[in-house]
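Chemist: Structure in structure tokens, see below.
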Amino acid sequence: MIENWYWMLVYPALILVVMETLWIGSRRRPGFGHKTAIVITIVVRIIYLTWRVLFTIPSDAWWNTATGILLLTVEVLGFAQSLAVYVTLWTPYAGRTVPLPPADELPRVDVFIATYNEPVSMLRMTIAGAVGMRYPTDGVRVFVCDDGAREEVRQLAEEYGAIHLIRPDHAHAKAGNLNNALGRSDGDLIVTLDADMVPRPDFLERTVGRFQDPELGFVQAPQAFYNEDPFQYNLFSGQALPNEQDFFMRTLQAGKSRFNAVMYVGSNTMFRRSALESVGGFAVGVITEDLATGLLIQGAKYRTEFVPDIIAAGLAPENLADMLKQRDRWCRGNIQTARKWNPLTLPGLTLMQRWLYSDAVVYWYFGVFKLIYIITPLLFLLFGVVALDTSVEALLIFWLPTYLCVMLCFAIIVGRRRSHSWSNIYELALTPAIALSAAAETLGLRVKAFNVTPKGVGLKEQVFHWRIALPHLVLLTLAAVGLVRGIFLSPELANTSALYINVFWCLYFVVGLVLAVTLCVERPRLRSAERTPMSTPVIAAFQNFGAHPGELVDLSLMGARISIPWSERLDPKGFASKASSVTALQIPEVGELPGIGSWIVNSSDGVTIGFRFDPLTPEQTVDLVQVITESPSWVRGDEEEKAYLATAGWRAVRGATTPTLPWRRAQVRMATSSSAVLHPVTLFERGPALELAREREAAFAVDRVPTAAAGGLALDVVDHPEAESLDRDPGALTAAVEDIGFGGCRLSLRHRLEPGALVIVEIPGSLAQPEVAEVRWVKRRWVGYEAGLQFDRANPTG
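The working numbering puts the first residue of the sequence shown at 133, with every later residue one more than the last.
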């Protein structure tokens with residue numbers, strides 16, 4: 133134990149006060165204390181590592197010494213990686229805008245859209261976006277590079293005036309596909325897009341002008357995403373968290389650009405053809421041809437540049453299994469590239485390029501590093517292996533200020549774009565799989581086939597990924613056993629510094645492991661297309677109410693959600709008494725789009741309607757894609773918003789126990805307190821039952837007297853002796869009406885109805901004549917039952 137150790141707490145207290153002051157200043161004025169925080173953190177980490185080397189390596193047993201050296205090695209590598217981040221972000225990136233050259237100097241542009249087996253609906257949006265890019269001349273050609281050689285893709289390309297390219301084999305996967313297109317085109321500039329990456333109309337306006345510099349080899353824009361990744365979606369944190377890739381794609385890439393080390397990431401990129409040809413085209417022989425191609429072009433002394441604007445966006449992997457397939461490929465591909473083109477020895481690279489590319493390769497061993505951090509306290513709690521020979525007091529003096537310094541420095545230099553805590557969660561969730569991938573590739577155990585990351589294939593029901601969660605569950609089980617053994621079953625460890633240190637260490641990772649397991653509960657994705665939030669005026673044409681103004685709430689190529697306020701011509705009483713489907717939408721800059729309303733929700737202010745488009749023409753699709761991609765809400769920002777781990781856990785628990793979607797009806801329903809009489813149809817099939825109702829309609833269609841039903845819904849009722857004839861049916865059932873509309877009603881009754889059964893229903897004061905209805909659902913109540921009925925008049929096939 134350190135004597136008078138509390139006097140030494142002045143050091144961590146001073147560090148904490150200074151860093152907290154810098155952090156508060158940076159929150160009020162971004163950039164404040166940026167470089168000061170980095171310098172302080174580097175000094176503090178050097179002091180910490182010096183203490184670790186000189187005073188904390190166990191020497192009593194070889195296994196303790198070996199474990200201690202292994203842990204220290206991982207910490208040193210972590211410091212080296214942090215140094216790369218500090219250097220990269222030392223100076224904020226200042227982007228520039230370069231206008232297009234005069235029309236007579238504009239280069240010809242070829243756009244390559246690489247596809248293999250992606251859904252045609254996804255590819256349609258990308259092609260429409262590429263065709264709709266603005267350019268002063270007609271010097272743009274779009275090539276659909278179809279390695280799947282699908283007939284439907286050929287037809288799709290022809291519809292949009294694109295060129296469909298296929299090849300006789302699939303040699304070298306995506307790189308071979310792009311090289312095939314390179315040899316069959318002649319544009320001065322080449323744009324590469326993945327099948328899901330939709331360019332904005334201004335893509336060429338923000339990139340082409342930069343190539344007036346003859347030394348520029350390629351320009352890379354961020355890969356952004358307009359859907360929620362598994363971290364955002366499964367943890368119900370889409371509003372709180374940015375996409376997990378945003379930090380690298382938007383922040384680190386910008387910093388790397390200062391050293392001409394921006395990385396080609398496979399899409400959203402523009403190349404100078406001569407630069408590609410100088411390195412033999414797209415690199416082959418590795419599964420990450422993008423990283424290798426960019427590295428070789430920079431090695432050929434070309435300059436590269438980063439465009440910070442979001443000028444194209446696509447789909448992030450939609451479930452954790454697909455994300456792991458993607459990261460497995462990236463991990464293996466980075467290690468393969470370093471083995472074939474070692475950035476430390478590749479001719480032509482600068483010192484900073486060598487460092488940053490080497491750091492990018494070492495990063496993919498984070499799974500191995502993180503496993504060492506997790507297993508080290510378990511080794512002590514389970515087997516008594518000591519990796520850190522120190523006291524609690526010494527940790528408070530040396531480790532605590534270092535940890536706080538690292539967290540606060542990270543918050544100062546990156547703002548709210550990424551927190552230290554969430555970086556830990558992201559890595560923990562991927563750790564077992566990536567550790568296995570890195571180890572396998574390092575040992576030369578390779579996969580045979582190139583795996584395309586699935587996109588646009590959503591799950592339709594909730595799934596728990598047992599195979600993915602199993603390593604985390606094993607680690608949690610070992611942690612539980614270790615904690616019980618260390619705290620309750622090992623009296624020799626009681627009140628020792630080693631026990632306190634390793635219990636705290638273990639619990640720190642348990643929190644992250646629990647969230648990682650929660651992430652394995654995969655939410656269903658029920659929408660057929662991602663919706664973009666909008667706030668645009670729209671005109672809706674109704675079947676029985678004419679055209680009414682409203683607001684476009686969200687939009688996709690499949691349909692839209694619109695909000696229509698109540699008005700004198702459009703009121704809830706009339707809406708509930710007539711068929712009220714929307715038949716067309718008038719959207720600015722697109723025109724009239726026919727379709728059909730698929731659901732409706734009413735409130736005191738108006739109605740919200742889900743609208744499904746009829747098949748769109750190519751021209752309508754191009755216009756619609758432009759409206760979608762130019763919306764400010766198309767892609768989420770890259771900053772965290774109240775992204776606390778505790779609130780994320782609570783959101784995940786609350787969301788998992790809440791129904792996936794609210795109940796949405798095809799027609800407006802109005803609350804009421806009427807009574808109903810039901811006559812089960814037991815002797816007739818649907819056809820005879822309909823004939824019976826129609827025969828009675830003539831008798832019920834006379835002598836109608838306007839009235840007001842309970843709940844304020846004004847409908848016609850019948851004042852005729854025949855109206856009481858059905859009441860004398862001995863099999864009739866009585867029920868209370870909870871709500872009613874044109875399409876059906878919701879009832880409370882004592883007797884159970886069978887779903888799918890037909891009934892003839894009378895509701896005096898609400899229905900003008902008896903209606904044949906189908907029982908659509910039944911729910912048990914504390915007393916009696918609740919049932920939903922659909923009237924035959926609302927059934928289009930009835």
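C-beta: ideal position from N, C-alpha, C; glycine also.
What separation, rounded to the nearest whole angstrom, lies between the Cα atoms of serine 736 and isoleucine 694?
Modeler: Those two C-alpha atoms are separated by around 16 Å.
Chemist: Looking at the structure shown, is threonine 715 part of a helix, part of a strand, or coil, going by DSSP?
Modeler: It is a strand residue.
Chemist: Going by DSSP, what residue range makes up the alpha helix (DSSP H) through aspartate 737?
Modeler: Unbroken run through aspartate 737: none, as it is neither H nor E.
Chemist: Between threonine 664 and leucine 687, which are expected to be in contact by the criterion C-beta below 8 Å, what is the C-beta distance as a whole number of angstroms?
Modeler: Rounded, the Cβ-Cβ distance is 5 Å, consistent with contact.
Chemist: Would the C-beta of alanine 393 count as close to the ligand SAM, meaning under 7 Å from any of its heavy atoms?
Modeler: No copy of the ligand SAM occurs in the structure displayed, which carries no ligand at all.
Chemist: Rounded to whole angstroms, how far is the Cβ of isoleucine 633 from the Cβ of methionine 140, which I believe are closer than 8 Å?
Modeler: Contact flag wrong, Cβ pair sits at about 17 Å.
Chemist: Tell me which residue opens and which closes the beta strand (DSSP E) that leucine 890 is part of.
Modeler: Unbroken beta strand (DSSP E) run through leucine 890: 890-894.
Chemist: Helix, strand or coil, according to DSSP, for cysteine 463 in the structure here?
Modeler: Three-state result, cysteine 463: helix.
Chemist: Can you check DSSP and say which residues form a bridge with glycine 691?
Modeler: Note: glycine 691 sits in a beta bridge opposite Arg744.
Chemist: Please classify arginine 273: does DSSP put it in a helix, a strand, or coil?
Modeler: Of the three classes helix, strand and coil, the one that applies to arginine 273 here is strand, per DSSP.
Chemist: For valine 416, which residues from the same chain have a beta carbon less than 6 Å from its beta carbon, with the 5 sequence-adjacent residues on both sides left out?
Modeler: Excluding sequence neighbours, valine 416 sits near His304, Ala307.
Chemist: Got a sec? Which residues, its chain only, sit under 7 Å from leucine 384 by beta carbon, not counting five neighbours each side?
Modeler: Correct list, in chain order: Thr220.
Chemist: On the CB-based measure, 16 or more other CB atoms within 10 Å of its CB, does asparagine 676 come out buried or exposed?
Modeler: Exposed.
Chemist: Return helix, strand or coil for proline 853, following the three-state DSSP convention.
Modeler: For proline 853, the predicted model reports a pLDDT of 39, less than 50, meaning its position is unreliable; a value from the coordinates is still stated below. DSSP places proline 853 in helix when its eight states are reduced to three.
Chemist: Go ahead and pull the three-state DSSP assignment for proline 331.
Modeler: The answer is strand: DSSP assigns proline 331 an E or B state.
Chemist: In angstroms, rounded to a whole number, what distance separates the CA positions of isoleucine 170 and cysteine 541?
Modeler: Roughly 6 Å separates the two Cα atoms.
Chemist: Between isoleucine 728 and the rest of its own chain, which residues show a CB-CB distance below 8 Å, the 5 nearest in sequence each way excluded?
Modeler: Contacts found: Ser713, Val714, Thr715, Phe743, Arg744, Asp746.
Chemist: Give the C-beta separation of alanine 900 and alanine 808 to the nearest angstrom, bearing in mind that I take them to be a contact with Cβ-Cβ under 8 Å.
Modeler: Actually they do not touch by this definition, with Cβ atoms about 14 Å apart.
Chemist: How would you call glutamine 594, buried or exposed, if buried means at least 16 neighbouring beta carbons within 10 angstroms?
Modeler: Per the 10 Å Cβ criterion, exposed.
Chemist: Quick check on DSSP: helix, strand or coil for leucine 865?
Modeler: Strand.
Chemist: Looking only at its own chain, which residues have a Cβ that is under 8 Å from the Cβ of asparagine 312, when we skip the five neighbours before and after it?
Modeler: Excluding residues within five positions, the ones whose Cβ falls inside 8 Å are Cys277, Leu297, Arg299.
Chemist: Who are the near neighbours of leucine 288 in its chain, counting only those whose CB is closer than 7 Å to its CB and skipping five residues on each side?
Modeler: Closer than 7 Å at the Cβ level, and outside the excluded window around leucine 288, lie Val252, Leu255, Arg256, Ile259.
Chemist: Between which two residues does the alpha helix (DSSP H) harbouring arginine 405 extend?
Modeler: Taken as a continuous stretch (DSSP letters only), the alpha helix (DSSP H) holding arginine 405 covers 405-410.
Chemist: Let me check understanding here. Comparing Cα to Cα, which of Thr508, Ala470, Gly499, Thr482 lies closest to serine 490?
Modeler: Ranking the options by Cα distance to serine 490, first place goes to Ala470.
Chemist: Taking Cβ positions, are aspartate 361 and alanine 448 nearer each other than 8 Å?
Modeler: Against a cut-off of 8 Å, the Cβ pair of alanine 448 and aspartate 361 comes out as a contact.
Chemist: In three-state DSSP terms, what is glutamine 352?
Modeler: Strand, per DSSP.
Chemist: Expressed to the nearest angstrom, what Euclidean distance is found between the alpha-carbon atoms of lysine 502 and valine 642?
Modeler: Those two C-alpha atoms are separated by around 13 Å.
Chemist: Which residue or residues does DSSP assign as beta-bridge partners of leucine 921?
Modeler: BP columns for leucine 921 point to Cys877, Val907.
Chemist: Go ahead and label glutamine 371 buried or exposed: buried means 16 or more other beta carbons lie within 10 angstroms of its beta carbon, across all protein chains shown.
Modeler: Its Cβ having fewer than 16 others within 10 Å, glutamine 371 is exposed.
Chemist: Identify whether glycine 916 lies in helix, strand or coil by the three-state DSSP scheme.
Modeler: DSSP places glycine 916 in coil when its eight states are reduced to three.
Chemist: Under DSSP, the beta strand (DSSP E) around valine 809 begins and ends at which residues?
Modeler: Segment 807-812, the beta strand (DSSP E) holding valine 809.
Chemist: Can you grab the Cα-Cα spacing for the pair valine 217 / arginine 161, in whole Å?
Modeler: Approximately 22 Å between the Cα atoms of the pair.
Chemist: Assign valine 759 to buried or exposed, taking buried as 16 or more other Cβ atoms, counted over all protein chains shown, within 10 Å of its Cβ.
Modeler: By the 10 Å Cβ count, valine 759 comes out buried.
Chemist: With respect to the beta strand (DSSP E) encompassing phenylalanine 438, which residues constitute its N-terminal and C-terminal limits?
Modeler: Per DSSP, phenylalanine 438 belongs to the beta strand (DSSP E) from 435-438.
Chemist: Go to histidine 296, then tell me how far its beta strand (DSSP E) extends in each direction, as first and last residue.
Modeler: Run containing histidine 296: 295-297, per the beta strand (DSSP E) assignment.
Chemist: By how many angstroms is the C-alpha of isoleucine 696 removed from the C-alpha of alanine 842?
Modeler: Note that alanine 842 scores 33 on pLDDT, short of 50, meaning its location in the model is unreliable; the coordinates nonetheless yield the value given after this. Those two C-alpha atoms are separated by around 25 Å.
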